[in-house]
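Scroll down for the structure; my scribbles are underneath it.
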């Protein structure tokens, strides 16, 4: 729910609704809320990934750690230029709508996964 608040801070029309800060400051507030949440969620997903690793074959922990590291380290390289392109060609509200849409789809996928395969989210002690 905090990530939704952070995403809503990106919309221009919502910036002035009862908020003491407007414009660029609200973007900063949104980023300040979203970045730690994304980092925390990335850690949770990585833990679930390692928890569900196979004992043998391609999807063993060492391979999953390598893939996870490559993905996590390469995404910021692509994210900044794509964000600048979206802001330049579309608008800040388009960027905010994309962020909110990605967030909601990810949330729905996680809920569906949790409902469909609860054993994948159970801890193995």
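Residue numbers (our numbering): 2 to 126.
Every residue, glycine too, gets a C-beta built ideally from N, C-alpha and C.
In this text, all values refer to a predicted model and were calculated from it rather than measured experimentally.
How many Å lie between residue i and residue j at the Cα?
i	j	result
residue 103	residue 109	10 Å
residue 113	residue 68	24 Å
residue 85	residue 105	22 Å
residue 116	residue 49	15 Å
residue 92	residue 61	42 Å
residue 36	residue 74	15 Å
residue 83	residue 63	30 Å
residue 118	residue 34	30 Å
Would you mind working out which of the options sits nearest residue i, comparing C-alpha positions?
i	options	result
residue 123	51, 72 and 77	51
residue 120	76, 107 and 53	53
residue 32	6, 115 and 61	6
residue 46	8, 107 and 117	107
residue 132	28, 2, 3 and 4	Residue 132 is absent from the structure shown; the chain starts at 2 and stops at 126.
residue 25	64, 94 and 118	94
For my contact list, residue i and residue j are in at a C-beta cut-off of 8 Å; report their separation, rounded to the angstrom.
i	j	result
residue 11	residue 97	3 Å
residue 76	residue 87	That belief does not hold up - the Cβ atoms of residue 76 and residue 87 are roughly 15 Å apart, past 8 Å.
residue 38	residue 3	6 Å
residue 8	residue 65	Incorrect: roughly 29 Å between the Cβ atoms, too far for contact.
Mind checking whether the beta-carbon of residue i lies closer than 8 Å to any heavy atom of the ligand GTP?
i	result
residue 110	Of the ligands one can find in the structure shown there are none, so the ligand GTP has no counterpart to examine.
Closer than 9 Å, CB to CB, is residue i near chain B or not?
i	result
residue 41	Absent from the structure: chain B. Only one protein chain is present.
Three CB pairs or more closer than 8 Å across the segment 52-66 and the segment 29-44: The segment 52-66 vs the segment 29-44: no contact.
Alpha helix (DSSP H) segments (min. 4 residues) lying fully within the segment 49-113: You should have 62-90.
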